[in-house]
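Residue numbers (the UniProt record's numbering), protein chains in the order written: chain C, 1 to 208; chain Y, 1 to 156.
Just so you know, even glycine gets a beta-carbon here, dropped at the ideal spot from N, CA and C.
The next block holds one structure in the form of structure tokens; read it before the comments.
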Amino acid sequence: MNNENFEFFMSAFKEITNIGMGNAVSSLSMMLNKKVDISVPNLDVIKLSDIFLNMEEPDEIYACSYVKMEGDLDSSLIFLIEKDSVKRLIKESVGIDIKNIVELDEMSSSMIGELGNIMFGSYTSAISQFLNINLQVTPPQVAVDTFASLIAESIVMSITFEDEVILTETEIQVEDWENVIKGKIVFLMNEENRNKLFEYVKKVFYGG
Amino acid sequence: MKKIIGIGEYASSKSPDILITLGLGSCVGVCIWDKNKKVGGLIHVMLPNSPNGNVPKPGKYADLGIPLLIEDLKKLGGSNFTAKIFGGAAMFKGSSMDVGKKNTLAVKEQLKKNNIRIIAEDTGGNRARSIEFNLDTGEVMVKKVGGGEKVEIFKY
Chain C
1 MNNENFEFFM SAFKEITNIG MGNAVSSLSM MLNKKVDISV PNLDVIKLSD IFLNMEEPDE
61 IYACSYVKME GDLDSSLIFL IEKDSVKRLI KESVGIDIKN IVELDEMSSS MIGELGNIMF
121 GSYTSAISQF LNINLQVTPP QVAVDTFASL IAESIVMSIT FEDEVILTET EIQVEDWENV
181 IKGKIVFLMN EENRNKLFEY VKKVFYGG
Chain Y
1 MKKIIGIGEY ASSKSPDILI TLGLGSCVGV CIWDKNKKVG GLIHVMLPNS PNGNVPKPGK
61 YADLGIPLLI EDLKKLGGSN FTAKIFGGAA MFKGSSMDVG KKNTLAVKEQ LKKNNIRIIA
121 EDTGGNRARS IEFNLDTGEV MVKKVGGGEK VEIFKY
């Protein structure tokens with residue numbers, strides 16, 4: 001991909017991410033029965049070797065819901081939520097108090113998985129409709145650990161041969177809640193799928 | 001000087017440097033040290049075996065990366081090595097492939113092949129690890145999440 005194409009791709013990708021995120025967030029909003037806002041997604045193509053540089057708080061504990069997107073495009077979608085935020089989200093949406101997030105019982109673990117499942121289900125269906133392609137998500141996988149290790153392991157689970165990944169990050173703000181939900185949505189995609197996506201996007205914008 | 005090693009990378013250096021890698025989940029961090037010369041290296045292994053053909057990043061694989069790291073250490077004057085290994089966990093619930101276990105086994109096999117004795121190990125389980133390898137003392141600080149929602153530090 002040359003520079004000009006790359007810039008077009010990134011802005012198109014940003015647009016698509018916006019559409020997908022918009023849908024994901026309205027699912028979350030319905031679950032909580034509150035207005036939910038997200039910041040404009042921040043897109044980055046980063047090298048595997050640079051993944052640990054510029055991480056603000058690598059040791060902070062997060063919960064993570066990981067799904068794979070499959071079909072006409074393969075990628076991984078990861079919803080990372082800081083430990084106190086995840087407790088609040090679960091308390092508000094289903095009324096369950098989680099005491100210790102690192103010793104998760106079956107119920108809380110599936111709740112975390114479900115958060116990702118609901119968001120990414122709508123995210124994926126929005127993208128697949130927009131691009132007119134076939135996409136599904138796999139059942140969510142859950143882990144609770146440090147931020148750095150969740151990102152690293154997600155990458156390892158997704159891509160074993162590529163050296164670059166796309167990361168999208170957003171912040172989530174829930175109406176009436178004092179603190180921002182500290183969460184990150186990460187979108188991992190390798191170069192082969194990036195090129196595929198580029199072709200689909202061109203078709204939508206230029207008709208082929 | 002502290003140096004951070006990324007996923008699938010390796011580096012070697014001399015005392016008083018400190019080599020660091022983060023987020024060892026199913027990956028295995030291998031610390032190799034020569035206590036007389038105080039040279040050492042760290043590799044963040046992602047997978048047990050390399051595919052056939054041209055591999056752009058050999059550090060990802062136990063079978064290619066470890067011999068390359070040993071070569072570098074010999075260039076720095078090291079000869080009498082010992083190893084400490086960390087990682088190989090299964091972080092995600094319901095993940096079917098046990099890559100962590102396979103990585104640990106492959107790393108041990110490579111070290112054995114090169115006659116390097118493992119003198120400390122913390123592998124397996126379901127917690128990720130971050131490590132700091134001090135090339136002056138040979139000591140490795142391992143950080144992982146404990147039972148009480150915080151990160152605990154262990155010395156090896």
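C-alpha gap between residue i and residue j, whole angstroms
| i | j | result |
| --- | --- | --- |
| Asp-126(Y) | Asp-105(C) | What sits at residue 126(Y) in the sequence shown is Asn, not Asp. Answer to the nearest angstrom: the Cα atoms are 15 Å apart. |
| Leu-73(C) | Met-189(C) | 9 Å |
| Ala-90(Y) | Asn-36(Y) | 36 Å |
| Gly-71(C) | Leu-47(Y) | 25 Å |
| Ile-43(Y) | Ser-50(Y) | 15 Å |
| Gln-136(C) | Asn-52(Y) | 31 Å |
| Thr-104(Y) | Thr-123(Y) | 7 Å |
| Gly-118(Y) | Ile-85(Y) | Reading off the sequence, residue 118(Y) comes out as Ile, not Gly. Cα-Cα distance, rounded: 7 Å. |
| residue 213(C) | Gln-141(C) | No statement about residue 213(C) is possible, as the shown extent of chain C runs from 1 to 208 and does not include it. |
| Asp-176(C) | Asn-42(C) | 24 Å |
| Phe-81(Y) | Ile-116(Y) | 6 Å |
| Lys-47(C) | Ala-148(C) | 15 Å |
| Asn-114(Y) | Pro-67(Y) | 8 Å |
| Pro-58(Y) | Leu-69(Y) | 10 Å |
| Ile-51(C) | Ile-7(Y) | 8 Å |
| Lys-202(C) | Ile-153(Y) | 51 Å |
| Ser-15(Y) | Phe-130(C) | 56 Å |
| Tyr-62(C) | Lys-93(Y) | 15 Å |
| Glu-121(Y) | Lys-74(Y) | 23 Å |
| Ile-90(C) | Met-107(C) | 11 Å |
| Val-102(C) | Glu-149(Y) | 6 Å |
| Met-1(Y) | Asn-54(C) | 17 Å |
| Lys-155(Y) | Lys-143(Y) | 9 Å |
| Ser-158(C) | Ser-76(C) | 6 Å |
Beta carbon proximity, residue i to chain Y, threshold 8 Å
| i | result |
| --- | --- |
| Lys-34(C) | no |
| Ala-63(C) | no |
| Glu-153(C) | yes |
| Asn-195(C) | no |
| Asn-100(C) | yes |
| Ser-75(C) | no |
| Ser-149(C) | yes |
| Val-165(C) | no |
| Tyr-123(C) | no |
| Val-156(C) | yes |
| Tyr-200(C) | no |
| Tyr-66(C) | yes |
Cβ-Cβ separation, residue j to residue i (assumed contact under 8 Å), whole Å
| i | j | result |
| --- | --- | --- |
| Ser-154(C) | Tyr-66(C) | 6 Å |
| Thr-170(C) | Lys-182(C) | Thr-170(C) to Lys-182(C), Cβ: 11 Å. No contact. |
| Gly-88(Y) | Tyr-10(Y) | Between Tyr-10(Y) and Gly-88(Y) the Cβ distance is about 17 Å, and since that is not below 8 Å, they are no contact. |
| Ala-152(C) | Gly-23(Y) | 3 Å |
| Cys-27(Y) | Val-45(Y) | 6 Å |
| residue 224(C) | Thr-146(C) | Nothing can be reported for residue 224(C): it is not among the residues displayed for chain C, which extend from 1 to 208. |
| Ser-122(C) | Leu-32(C) | Between Leu-32(C) and Ser-122(C) the Cβ distance is about 14 Å, and since that is not below 8 Å, they are no contact. |
| Ala-83(Y) | Ile-32(Y) | 5 Å |
| Lys-87(C) | Ile-98(C) | 5 Å |
| Thr-17(C) | Phe-187(C) | 7 Å |
| Asp-63(Y) | Gly-41(Y) | With 8 Å as the limit, Asp-63(Y) and Gly-41(Y) do not qualify as a contact, their Cβ atoms being about 16 Å apart. |
| Leu-135(Y) | Val-39(Y) | 7 Å |
Any C-beta of chain C under 8 Å from that of residue i
| i | result |
| --- | --- |
| Met-91(Y) | yes |
| Leu-22(Y) | yes |
| Phe-53(Y) | The residue asked about is misnamed: residue 53(Y) is Gly in this sequence, not Phe. No, Gly-53(Y) does not count as interfacial toward chain C. |
| Gly-6(Y) | yes |
| Ser-13(Y) | no |
| Cys-27(Y) | yes |
| Met-46(Y) | yes |
| Glu-121(Y) | no |
| residue 160(Y) | Within the shown structure, residues of chain Y are numbered from 1 to 156, placing residue 160(Y) beyond reach of any answer. |
Where the alpha helix (DSSP H) through residue i begins and ends
| i | result |
| --- | --- |
| Val-25(C) | 3-32 |
| Thr-138(C) | Careful: Thr-138(C) lies outside any alpha helix (DSSP H) and carries neither H nor E. |
| Lys-196(C) | 191-206 |
| Leu-19(Y) | Looking at the DSSP string, Leu-19(Y) is not in any alpha helix (DSSP H); the run it does join, the beta strand (DSSP E), is 18-24. |
| Gly-40(Y) | Premise fails: Gly-40(Y) lies in the beta strand (DSSP E), 39-45, not in any alpha helix (DSSP H). |
| Ala-106(Y) | 99-113 |
Extent of the continuous beta strand (DSSP E) to which residue i belongs
| i | result |
| --- | --- |
| Met-141(Y) | 140-145 |
| Met-69(C) | 61-71 |
| Ile-155(C) | No beta strand (DSSP E) contains Ile-155(C), which is instead part of the alpha helix (DSSP H) from 147-158. |
| Gly-183(C) | 183-188 |
| Ser-76(C) | 75-82 |
The ligand MG heavy atom lying under 7 Å from the CB of residue i
| i | result |
| --- | --- |
| Val-140(Y) | The ligand content of the structure shown is nil, which means the ligand MG is not present either. |
Please list, in chain order, the residues of the segment 77-89 of chain C that have any C-beta partner in chain Y closer than 8 Å.
Residues passing the 8 Å Cβ filter: Lys-83.
What are the residues in the segment 102-118 of chain C lying within 7 Å of chain Y by C-beta distance?
For the segment 102-118 of chain C, the residues whose beta carbon sits under 7 Å from a beta carbon of chain Y are, in order, Val-102, Glu-103 and Ser-109.
Any C-beta of chain C within less than 9 Å: which residues of the segment 124-150 of chain Y qualify?
Only those residues of the segment 124-150 of chain Y whose C-beta falls short of 9 Å from the nearest C-beta of chain C are listed: Asn-126, Arg-127, Ala-128, Arg-129, Ser-130, Lys-143, Lys-144, Val-145, Gly-146, Gly-147, Gly-148, Glu-149 and Lys-150.
Short of 7 Å Cβ to Cβ, which residues in the segment 128-147 of chain C face chain Y?
Those residues of the segment 128-147 of chain C placed with their C-beta closer than 7 Å to a C-beta in chain Y are Gln-141, Val-142, Ala-143, Asp-145 and Thr-146, ordered along the chain.
Relative to chain Y, which residues along the segment 167-186 of chain C have a C-beta separation below 8 Å, given in chain order?
Listed in chain order, the positions of the segment 167-186 of chain C with a beta carbon within less than 8 Å of a beta carbon of chain Y would be empty, since no residue qualifies.
Please list the residues of the segment 47-59 of chain C that have a C-beta atom closer than 9 Å to any C-beta atom in chain Y, keeping them in chain order.
Within the segment 47-59 of chain C, the residues whose Cβ lies closer than 9 Å to some Cβ of chain Y are Lys-47, Leu-48, Ser-49, Asp-50, Ile-51, Phe-52, Leu-53, Met-55, Pro-58 and Asp-59, listed in chain order.
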